[in-house]
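Sequence order for the protein chains is A and B. For the first sequence, the working numbering begins at -19 and goes up steadily by one. For the second sequence, the working numbering begins at 8 and goes up steadily by one.
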Amino acid sequence: MKNRTFTCIICPNGCDIAVEYDDEGYFRCEGNLCPKGEKYVLNELTAPQRTISSSVVVDGGELPLASVRLNGPVPKDRIFDVMKEIRAIRLKAPVKAGTVLIKNIFGFDSDLIVTRNVEKKA
Amino acid sequence: MDVYRKGAWMMITEHRNVIIIGGGPAGLAAACALYDKGVKDILILEREPRLGGILNQCIHDGFGLSRFGETLSGPEYAGRFIEAVRQRKIDYITECTVINLDNNKCVTAAAQDGLKKYQADAVILTMGCRERPRGGLAIPGDRPSGVFTAGVAQSYMNLHNTMVGKKAVILGSGDIGMIMARRLTLEGAKVEAVFEILPYPSGLPRNIEQCLNDYGIPLYLSHTVTRINGKARLSSVTVSEVGRDMKPIKGTEKEWPCDTLILSVGLIPENELSLQAGVVLDGRTKGAIVDENGMTSVPGIFAAGNVLHVHDLVDFVSLEAEKLAEGVSAYLQDAGEGNQKTCAIDIQTDETIGYTVPQKVSGKKDVTVSFRPKFPSQNRVFEVYQGDRLLTRKTVRKAIPAVMLHIDIPAEKFVSEETVRVVSHEE
């Protein structure tokens, strides 16, 4: 039997979750205020996932950057690969929030989306 | 001479029902809620070129979980409120800095097309907050470049596409500092460590997890920067352990080479205008003393959001600003029920609680009191008394200063005009 504690990152409550588990699939959580906590811990033990936010360069815009984010989590160890993809993108103003820049990044159920409007420079 | 005549001499005072100072999350939410209550003659004055306030540079996600049930970035969260303001055709002026506010609700502002003067029936203060700068800490040492507050670094990187450094040390475990630790790491900088003078973190636990632990950035509690070293550019900081008295312990100094120091050492409500108007501030929050309607000590001047007290979640800023709309509209159409005066019953706290907002109530309405515990504790019982009578209580499994708490007091619970006290003890 193994014991670990986690701080859930799903919402600002940041529950401290104590988990008891073994390699045969036994798994018991304590301290989470909602079921999302249990799912988070299970993910952390098997395949940790994260979302990520950054920005991309915009040419001819009122701002030099448009913020972007993944709308779903990807494996934690692919975060820096995602950053590489993000850095390679260059957009032209105007840019609309919600635009999908990369659909299903690396085949995961996660799109890279623009999160702000950038109008053309006046 | 001509300009003088047109600009100042012949300046016409425009009348407005409500002037909102600041077009960030609080101002936008207050404007929409007021509009929906039937107060349509509203003008938002915003200093920056665009609405949205600080959310524009908060590109990380996690906003809106309680409000919209989904996680949004700052610009998206702001975008929804900006859209709501535009749909309602609420007036706003950007690049317009309010330079004076008097206790008669007369607002003077410097706009792109000159000086403006407004006479408002009610003024809503939603100016947000500022970061505590290096000067506020009095760290000894040199004055090289490379020392930034977290929000300034965030603005450089997220709005202006300018990297701030390659090797960073972060002082203070505030949320923005931790979020910048992650941001810097993602953009290729090395973040050596985060130092916190207190024996516990000042930011949210989830940020310690996802911004520091995820990237192997160590957090040192009870440590602080005691010297800044460098000629033109920062070359290192000296870090010392601090004792229980928060004073550096001699002999524990260690030098950390770095080219960038990020300060995340607290936010202070921006209340210069409030003071001009004679609004009485609370020494604990550094924001106005307000009643349950959000009204300050100056009748007709209201406040909400980070200008009132620094929030950890924007979702609560929006709620607070929306709630204030009720009080503002009651004030504007006063039916002689005492809505023109600030409420009289004080809310006090014991030494375990940092502050409450509001600080005053009428005893006639349901009230939600926001407060922060002064130190971390487990299974803490928070109680509200009036005299010897217990009005309500609430047990919190994990109470930490980083997380603002709320307690509801139903109107019928109030029994007298006596002072209300919020206290806490172990379960």
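Every residue, glycine too, gets a C-beta built ideally from N, C-alpha and C.
{"Asked": "Residues that lysine 72 of chain A bridges to, as DSSP identifies them", "Found": "A:Asp39"}
{"Asked": "Inter-stretch contact at 8 Å, needing at least 3 Cβ pairs: the region 157 to 174 of chain B / the region 217 to 232 of chain B", "Found": "no"}
{"Asked": "Residue span of the alpha helix (DSSP H) that contains serine 209 of chain B, given as start and end", "Found": "Element bounds for serine 209 of chain B: n/a, residue is neither H nor E."}
{"Asked": "Meets three-Cβ-pair contact criterion under 8 Å: the region 269 to 276 of chain B and the region 164 to 184 of chain B", "Found": "yes"}
{"Asked": "Residues of its chain near phenylalanine 7 of chain A, where Cβ-Cβ distance is below 6 Å and the 5 sequence neighbours each way are ignored", "Found": "Tyr1"}
{"Asked": "Near-chain B residues of the region 72 to 95 of chain A (beta-carbon distance less than 8 Å), N- to C-terminal order", "Found": "Ala77 and Thr95"}
{"Asked": "Selection from A:Pro44, A:Ala73 and A:Gln29 that minimises the alpha carbon distance to leucine 50 of chain A", "Found": "A:Gln29"}
{"Asked": "Isoleucine -11 of chain A at chain B interface by Cβ criterion, 7 Å", "Found": "yes"}
{"Asked": "Reduced DSSP secondary structure (H/G/I, E/B, other) of tyrosine 6 of chain A", "Found": "coil"}
{"Asked": "Coarse secondary structure for aspartate 61 of chain A, derived from DSSP in three states", "Found": "helix"}
{"Asked": "Cβ contact (3+ pairs, closer than 8 Å) linking the region 322 to 339 of chain B and the region 280 to 293 of chain B", "Found": "no"}
{"Asked": "C-beta contact flag for glycine 173 of chain B and alanine 200 of chain B at 7 Å", "Found": "The displayed chain sequence assigns lysine, not glycine, to residue 173 of chain B. No."}
{"Asked": "Close-in-space but distant-in-sequence residues of the same chain around arginine 57 of chain B (CB under 7 Å, 5 per side omitted)", "Found": "Asn63 and Thr101"}
{"Asked": "Interface residues of the region 70 to 95 of chain B facing chain A [CB-CB below 7 Å]", "Found": "Leu72, Ser80, Pro82, Glu83 and Gly86"}
{"Asked": "Straight-line gap, serine 325 of chain B to arginine 150 of chain B (C-alpha atoms, nearest Å)", "Found": "39 Å"}
{"Asked": "According to DSSP, residues forming a beta bridge with tyrosine 99 of chain B", "Found": "B:Ile51"}
{"Asked": "The region 313 to 330 of chain B touching the region 73 to 83 of chain B, judged by at least three CB pairs closer than 8 Å", "Found": "yes"}
{"Asked": "C-alpha gap between glycine 5 of chain A and proline 276 of chain B, whole angstroms", "Found": "50 Å"}
{"Asked": "Top-ranked residue by Cα proximity to valine 445 of chain B, from B:Leu315, B:Tyr362 and B:Ala38", "Found": "Given a span of 8 to 434 for chain B in the structure shown, any question on residue 445 of chain B remains unanswerable."}
{"Asked": "Chain-ordered residues of the region -12 to 9 of chain A with a beta carbon less than 9 Å from chain B", "Found": "Cys(-12), Ile(-11), Ile(-10), Cys(-9), Pro(-8), Asn(-7), Gly(-6), Cys(-5) and Asp(-4)"}
{"Asked": "Pair within 7 Å by beta-carbon distance, leucine 219 of chain B and methionine 187 of chain B", "Found": "no"}
{"Asked": "The beta strand (DSSP E) enclosing leucine 191 of chain B, as first and last residue numbers", "Found": "That residue, leucine 191 of chain B, is in no beta strand (DSSP E); its alpha helix (DSSP H) goes 182 to 193."}
{"Asked": "Which listed residue (B:Leu41, B:Gly148, B:Val154 and B:Ile26) has its alpha carbon closest to that of asparagine 111 of chain B", "Found": "B:Ile26"}
{"Asked": "Contacts that methionine 63 of chain A makes with chain B (C-beta to C-beta distance below 7 Å)", "Found": "Leu193"}
{"Asked": "Under 9 Å by beta carbon: chain A residues contacting lysine 173 of chain B", "Found": "Those do not exist, as lysine 173 of chain B stays about 16 Å from chain A at its closest Cβ, beyond 9 Å."}
{"Asked": "Local Cβ density within 10 Å of arginine 189 of chain B, reported as buried at 16 or more and exposed below that", "Found": "buried"}
{"Asked": "Buried or exposed (CB count within 10 angstroms, at least 16 for buried), aspartate 89 of chain A", "Found": "exposed"}
{"Asked": "Which listed residue (B:Arg379, B:Thr349 and B:Lys348) has its alpha carbon closest to that of threonine 356 of chain B", "Found": "B:Arg379"}
{"Asked": "Beta carbon proximity, glutamate 299 of chain B to chain A, threshold 7 Å", "Found": "no"}
{"Asked": "Stretch pair the region 210 to 225 of chain B + the region 116 to 123 of chain B: three plus CB contacts closer than 8 Å", "Found": "no"}
{"Asked": "Beta-bridge partners of cysteine 218 of chain B, as assigned by DSSP", "Found": "Bridge partners of cysteine 218 of chain B: none, in fact."}
{"Asked": "CB contact below 7 Å: proline 53 of chain A versus chain B", "Found": "no"}
{"Asked": "N-terminal and C-terminal residue of the alpha helix (DSSP H) that alanine 102 of chain A is part of", "Found": "Counting along the chain, alanine 102 of chain A falls outside any alpha helix (DSSP H), and DSSP gives it neither H nor E."}
{"Asked": "Residue of A:Asp61, A:Cys(-12) and A:Val38 minimising C-alpha distance to asparagine 165 of chain B", "Found": "A:Val38"}
{"Asked": "Arginine 49 of chain A: contacting residues in chain B (beta-carbon distance under 7 Å)", "Found": "Asp68 and Ser80"}
{"Asked": "Cutoff 7 Å; reference glutamate 77 of chain B; Cβ partners in own chain excluding five residues on either side", "Found": "Gly71"}
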